[in-house]
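S.K.: Residue numbers (my numbering), protein chains in the order written: chain E, 1 to 425; chain F, 1 to 318.
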Amino acid sequence: MIWRKIQAIAWADIYQAFTDRSALLFNFASPLAISMIIGAAFGGGSNDVDVEAAKVGVLNLDTGSTQVEQAFGDIYTQVLVEAPPEELSDFIDGKTITDEKKARRQIGDGDLDVLVVVPEDFTANVITPDKGGTLRIYYNPGAGIPGDVARSIIDGMTTQLNNQNIALQVGIPYASEQAARNNQAVDAAVAYVRQASQQLREKEAITLNRVSIEGDVQEFNSLQYFGPGMAILFMTYALSNGAISILVDQRNWTMQRIWTTPSPRTVYLGGKMVGIYVTGIFQMLILMLAMIFAANVVFGSGVAVWGTDAIGIVLVLASVVAAGAGFALVIASFAKNPDQGGSISTLVLTVSGLLGGAFLPVDDVPILGQLSKLTLNRWGLDGFTTLSFDGGTVMDILPNVAVLLGMAVVFFTIALFQFGRRFRS
Amino acid sequence: MATFAKLDSLRKQYSPPDGPYAVGPKEGVNLEILEGEIFSLLGPNGAGKTTIISMMSGLLTPTAGDVVLGGFSITKQPLDVKKQIGVVPQDLALYPNLSARQNLNLFGTLYGLSGKNLSKRTDEVLEFIDLKDRANDKISEYSGGMKRRVNIGVGLMHRPKMLFLDEPTVAIDPQSRRNILDTVKELNQQGMTVLYTTHYMEEAQELSNRIGIIDHGQIIALGTLDELVKTVGEYDVIRLTLPEPPALVVERLGAIPNIQRAETTDGEVRLIARDGRQQLPEAIRIINEAGLALHGIEIQEPNLEAVFLQLTGRALRD
Chain E
1 MIWRKIQAIA WADIYQAFTD RSALLFNFAS PLAISMIIGA AFGGGSNDVD
51 VEAAKVGVLN LDTGSTQVEQ AFGDIYTQVL VEAPPEELSD FIDGKTITDE
101 KKARRQIGDG DLDVLVVVPE DFTANVITPD KGGTLRIYYN PGAGIPGDVA
151 RSIIDGMTTQ LNNQNIALQV GIPYASEQAA RNNQAVDAAV AYVRQASQQL
201 REKEAITLNR VSIEGDVQEF NSLQYFGPGM AILFMTYALS NGAISILVDQ
251 RNWTMQRIWT TPSPRTVYLG GKMVGIYVTG IFQMLILMLA MIFAANVVFG
301 SGVAVWGTDA IGIVLVLASV VAAGAGFALV IASFAKNPDQ GGSISTLVLT
351 VSGLLGGAFL PVDDVPILGQ LSKLTLNRWG LDGFTTLSFD GGTVMDILPN
401 VAVLLGMAVV FFTIALFQFG RRFRS
Chain F
1 MATFAKLDSL RKQYSPPDGP YAVGPKEGVN LEILEGEIFS LLGPNGAGKT
51 TIISMMSGLL TPTAGDVVLG GFSITKQPLD VKKQIGVVPQ DLALYPNLSA
101 RQNLNLFGTL YGLSGKNLSK RTDEVLEFID LKDRANDKIS EYSGGMKRRV
151 NIGVGLMHRP KMLFLDEPTV AIDPQSRRNI LDTVKELNQQ GMTVLYTTHY
201 MEEAQELSNR IGIIDHGQII ALGTLDELVK TVGEYDVIRL TLPEPPALVV
251 ERLGAIPNIQ RAETTDGEVR LIARDGRQQL PEAIRIINEA GLALHGIEIQ
301 EPNLEAVFLQ LTGRALRD
C-alpha cells in the first residue's frame, strides 16, 4: 500500500514533467540544439577541437646509401620536427627520438602523444615496385584531441607521399640519373613523374601500422564530449524543477493536503524522490538516443557517442542521475520559496556545469581543473567520455560511479535533514 | 447527539519567526463537535481558524492538549484519525496540470483506494460535483467555481465521517458560493459531520447547527444562532454613513441613553443600541447640530455581527 502511494505521487510528478510543453522544450530541445551547434562548430566528426600542440617524436631509422633512399625518412623528420610548415606549427611539437623503447614508455606515461617510427630501408623498400614499407605510429588514446590532430596530420602526409611515391617509382631511373648531378633529385623526380602517373594512383606502397599503447584506435566525435556535458547539465536543471515542485506543493497546499491523508509523511518525500529520479533517467535516455541519432544521421559519424559498454553506460547514468537528484533536493531544501529556489538552482547548476566542463574542457586549466572534481558534472562527463572516447569498460568507470553514488548519499542525507527541519510542525 | 470530535485543552504556541503568538488561551481550547452537525468556526482573518483545523487534521502538532476524533487521538493515532476526516483547504490544493479525474485518482490512492473501487468512487464524486463532462480537462482550464468543486470532491473520495471545510467560498462568484453551500447541506443531510470555518456571518447563520466565534486564537462565544444572538439581548446595530465624524460627535452619540457603544469604521459610525429605531431621532439631531452631512442610515436586527461587535468591539470584517 505504501509503495502504491509512493508510485502515485511519483507518477503525478513524472506526468507533469513530460506534459509541460515549455519544460519539454527547455529540457530536451535545448541541450540537443546546443550540443549539435557546438558539434557543428567543432566539425561534427572532426578532430580539431583543441589547438594545443601535440608532442610528437620521430625515430628515423631510414638511412639509405643514397639521398634518394633516405628521402621519406627525411621528409617525416623535416615536416614533423626540423622545419614544420607554418600551418602545422601550432599543432605539432616535434622532437627527434633515438631510443624507441624509452619513447614508447613516454607514450604510456603521457609525456609523448605520438611516436612515428620510420624503419630501416623504408624509402628503399617503398620506391621499389611491388615492395612497400610500413610506418609505425604509436599513440596514447588518452592524449585527447592534440593526439588526434597529430595522427591526422601524419595520415595526410602519408597519403600524399603514397601518391608521390607512385610517381617516384615510375620516374626512378630518371631520378637516379639526375641524382648524380644535383641535390634536388627527389623534387625533380616528383615533378617529372607527377603528370605521368595518374593511372597508378590507387596503389599505396606505404602502409600505416597504428599501435595504440592502451587500446584500439577510437574515432572521436565532438558530441562524445559535449553531448554528455549538455545532457548532464540539463538533466540537473530538470531535476531542480522536480525538487522545487516540493516548494510549489507547499505553497499551493497540495503537500499539506497529502499530509492530511492516512499516509506517513515519508510517503510524500519518497514519492517526490522517485519521481525526480525517474524523470532524470528518462530525460537522459531521451537525450542519449537523440544524440546518437544526431551523431550518426546528421553528422554521418559512426562513433558510439556514449560508448559501447552497456553496463558501464547504465552505471554512469544511474549514478549521475542519483547525484543530480540529491543535489537538486539540497538546493530546494535551503530555498525559502519556489522563486528563490529557481534563481538559486539556475545559478548554482550553471556554475557547476561550467566547472564540470559542460561547455569547455577544464581538466588542464589550473585551479578549475581541481575544482571541477567537486562537481557531479565532471565525474559524470568523465565517466561517459571514458566509455566512449577512451573505449573504457565498467572497470574504468567504477571510480566515477563510486564518487557519484557517494555524492548522492551525502546530498540525500542533507536534503532529508533540511526538509525534516523545515517541515517540522 | 453523541460527540464526534473533542478538542481538549488544545493550544498551539508559535515561536519566532512565525510568532510569537498562540492559538488557544493558556488553558487551551475546549470544544465538542457533535456527530451529524454542521459546526461553524466564525472569525476574522488571522483569528486562528486554520490553525485549529490544522491541529485537528494532524498537520500541526499541538503544543498542548489533544483532539479525539471518532474515538482516536490525533497525537497518538494520527493515521486512524485521518481515515475518518476529509480536508478541504482554503487554497485550491490541486495539481493544475492534472485533470479532475487524475487529481481524484491521486488523492483516492493516498486515501487507500485502489482498482475498481477507486475508479468507481472517482466517477461517483465527479457526478456529485457535476463535473463528469469535464473530468479529463486540466484543472488549470477550469473556472474558479469548478476548481472549488474539485477541491471539495478530493476531500470526499474516501467517504469520510467528518469533513473540514476551511473558508471554501473565499474569492468566488455568488453562484458558485450558492452551489458550495448547497453541497455542504446535502452532505450533512447524508449524515456527514461538518466543521466549517468562515468569516462570512451569513454563511455561518445559514448553515450551522452551532457556531463558535473565534478571535485572537480564543473561542469567545459558542452556541446555536439563537443562543448567540440572545447574548446581545435586544441590541440593534445602527450604521450611520458619516465621513470623518469628529470624535466629539461620536462621544455624544455614545452618550445617548440606551446606546451601549459608538464606534467609527471606514466612514461609518456604528451604534449598538437597545431598540435602535427609538434612538435614531436623537442621533440624527446630534449630527445635524454638528453641521455634518448624513449620507445613509441602516438598522440591523440582532445577528452574529452584533454579537461579534459586542464581544470584541470590532466588526467581523476588520
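Glycine residues also receive a C-beta, built at the ideal position from the N, C-alpha and C atoms. No experiment lies behind these values; they were computed from the predicted model shown.
I'd like to know whether the C-beta of Phe-4(F) is nearer than 7 Å to at least one C-beta of chain E.
M.R.: Cβ-Cβ to chain E under 7 Å: no for Phe-4(F).
S.K.: Name the chain E residues whose beta carbon is nearer than 9 Å to that of Pro-257(F)?
M.R.: Neighbours of Pro-257(F) on chain E: none; closest Cβ ~51 Å, over 9 Å.
S.K.: Are Gly-428(E) and Met-235(E) closer than 7 Å when you measure CB to CB?
M.R.: Residue 428(E) cannot be examined here, being either before or after the span of chain E that is shown, 1 to 425.
S.K.: Ignore the nearest five residues each way along the sequence and tell me which others in Val-410(E)'s own chain have a CB closer than 8 Å to its CB.
M.R.: Only Gly-326 meet the Cβ criterion.
S.K.: Using CA coordinates, which residue listed in Arg-148(F), Met-56(F) and Ser-208(F) is at the minimum distance from Asn-179(F)?
M.R.: The candidate whose alpha carbon is nearest that of Asn-179(F) is Arg-148(F).
S.K.: Identify every residue that forms a DSSP beta bridge with Ser-40(F).
M.R.: Tyr-196(F) and Ile-211(F), per the DSSP bridge assignment.
S.K.: Within 10 angstroms of its Cβ, does Glu-301(F) collect 16 or more other Cβ (buried), or is it exposed?
M.R.: Exposed is the call here.
S.K.: Less than 7 Å between C-beta atoms, sequence neighbours within five positions excluded: which residues of the same chain meet that for Ala-221(F)?
M.R.: Cβ neighbours of Ala-221(F) beyond the five flanking positions: Ile-213, Leu-228, Thr-231, Val-307 and Leu-311.
S.K.: Since Ile-244(E) contacts Ser-345(E) with CB under 8 Å, what's their CB separation in whole angstroms?
M.R.: Right, the Cβ-Cβ distance comes to about 7 Å (below 8 Å), so this counts as a contact.
S.K.: Does Val-150(F) pass the burial test, meaning 16 or more other C-beta atoms within 10 Å, or should it be called exposed?
M.R.: Buried: at least 16 other Cβ atoms inside 10 Å.
S.K.: Among Thr-96(E), Leu-247(E), Val-79(E) and Arg-4(E), which one has its Cα closest to the Cα of Phe-419(E)?
M.R.: Measuring from the Cα of Phe-419(E), the nearest candidate turns out to be Leu-247(E).
S.K.: Taking only runs that begin and end inside the stretch 256-314 of chain F, name each unbroken beta strand (DSSP E) of 3 or more residues, in chain order.
M.R.: For the stretch 256-314 of chain F, whole beta strand (DSSP E) runs of length 3 or above, ordered along the chain, are 259-265, 268-274 and 296-300.
S.K.: Output needed in chain order: residues of the stretch 242-268 of chain E with a Cβ under 7 Å from some Cβ in chain F.
M.R.: Listed by position along the chain: Asn-252, Trp-253, Thr-254, Gln-256, Arg-257, Ile-258, Trp-259, Thr-260, Thr-261, Pro-262 and Ser-263.
S.K.: Can you name the residues of chain F whose CB is closer than 9 Å to the CB of Gln-224(E)?
M.R.: Those do not exist, as Gln-224(E) stays about 36 Å from chain F at its closest Cβ, beyond 9 Å.
S.K.: So if I threshold CB-CB distances at 9 Å, which residues from the stretch 277-289 of chain E count as touching chain F?
M.R.: Of all residues in the stretch 277-289 of chain E, none has a Cβ within less than 9 Å of some Cβ in chain F.
S.K.: Assign Gly-57(E) to one of three DSSP states: helix, strand, or coil.
M.R.: Gly-57(E) falls in the strand class under three-state DSSP.
S.K.: Distance, Cα to Cα, Asn-27(E) vs Leu-349(E)?
M.R.: So the alpha carbons of these two residues sit roughly 14 Å apart.
S.K.: Taking Lys-5(E) as the query, report the chain F residues whose CB atoms sit under 9 Å from its CB, ordered along the chain.
M.R.: Simply Thr-109, Leu-110 and Gly-112.
S.K.: Count the CB pairs spanning the stretch 34-42 of chain F and the stretch 79-98 of chain F that are closer than 8 Å, and state whether there are at least three.
M.R.: They do not touch, by the three-pair rule.
S.K.: Please report whether the beta-carbon of Asn-97(F) lies at a distance below 7 Å from any beta-carbon of chain E.
M.R.: Chain E, which has a Cβ nearer than 7 Å to the Cβ of Asn-97(F), makes this yes.
S.K.: Under three-state DSSP, which class holds Ser-337(E)?
M.R.: The displayed chain sequence assigns Asn, not Ser, to residue 337(E). DSSP places Asn-337(E) in coil when its eight states are reduced to three.
S.K.: Going by DSSP, which residues form a beta bridge with Gln-16(E)?
M.R.: None, per the DSSP bridge assignment.
S.K.: Whole angstroms are fine: how far does the CA of Asp-390(E) sit from the CA of Val-314(E)?
M.R.: Using only the alpha carbons, I get a separation of about 17 Å.
S.K.: Report yes if the CB atom of Val-114(E) is closer than 7 Å to the CB atom of Ala-150(E), and no otherwise.
M.R.: Against a cut-off of 7 Å, the Cβ pair of Ala-150(E) and Val-114(E) comes out as a contact.
S.K.: Taking C-alpha atoms, which residue in Val-117(E), Gly-383(E), Gly-270(E) and Gly-229(E) lies nearest to Lys-101(E)?
M.R.: Minimum Cα distance to Lys-101(E) is reached at Val-117(E).
S.K.: Closer than 8 Å by beta-carbon distance: list the chain E residues that pair up with Ala-93(F), in chain order.
M.R.: By Cβ distance, chain E contributes Asn-252, Trp-253, Thr-254, Gln-256 and Arg-257.
S.K.: Along chain E, which residues have their Cβ under 9 Å away from the Cβ of Pro-168(F)?
M.R.: Simply none; closest approach about 13 Å.
S.K.: Only counting runs of 4 or more residues, tell me where the alpha helix (DSSP H) segments fall wholly within the stretch 2-74 of chain F, in order along the chain.
M.R.: Taking only runs of at least 4 residues, the alpha helix (DSSP H) segments lying wholly in the stretch 2-74 of chain F are 49-56.
S.K.: For Ala-8(E), does the three-state DSSP call read helix, strand or coil?
M.R.: Reduced to three states, the DSSP call for Ala-8(E) is helix.
S.K.: Chain E partners of Lys-49(F), CB-CB under 7 Å?
M.R.: Within 7 Å Cβ-Cβ: nothing; Lys-49(F) doesn't reach chain E, min ~15 Å.
S.K.: When you compare the CB of Ala-335(E) with every CB in chain F, is at least one pair closer than 7 Å?
M.R.: False, the Cβ-Cβ gap to chain F never drops below 7 Å.
S.K.: Provide the residue(s) that pair with Met-284(E) in DSSP beta bridges, ordered along the chain.
M.R.: Note: Met-284(E) sits in no beta bridge, so no partner.
S.K.: For Thr-274(E) versus Ile-37(E), is the C-beta distance shorter than 7 Å?
M.R.: It is Val, not Thr, that sits at residue 274(E) in the sequence shown. Going by C-beta atoms, Val-274(E) is not nearer than 7 Å to Ile-37(E).
S.K.: In whole angstroms, what is the alpha-carbon distance linking Ile-272(F) and Ile-287(F)?
M.R.: Near 17 Å, if we compare the C-alpha coordinates of Ile-287(F) and Ile-272(F).
S.K.: Is Thr-3(F) closer than 7 Å to Glu-32(F) when the C-beta atoms are compared?
M.R.: Cβ distance < 7 Å, so Glu-32(F) and Thr-3(F) count as in contact.
S.K.: Taking all protein chains shown into account, do 16 or more other C-beta atoms lie within 10 angstroms of the C-beta of Thr-19(E), making it buried, or fewer, making it exposed?
M.R.: Its Cβ having fewer than 16 others within 10 Å, Thr-19(E) is exposed.
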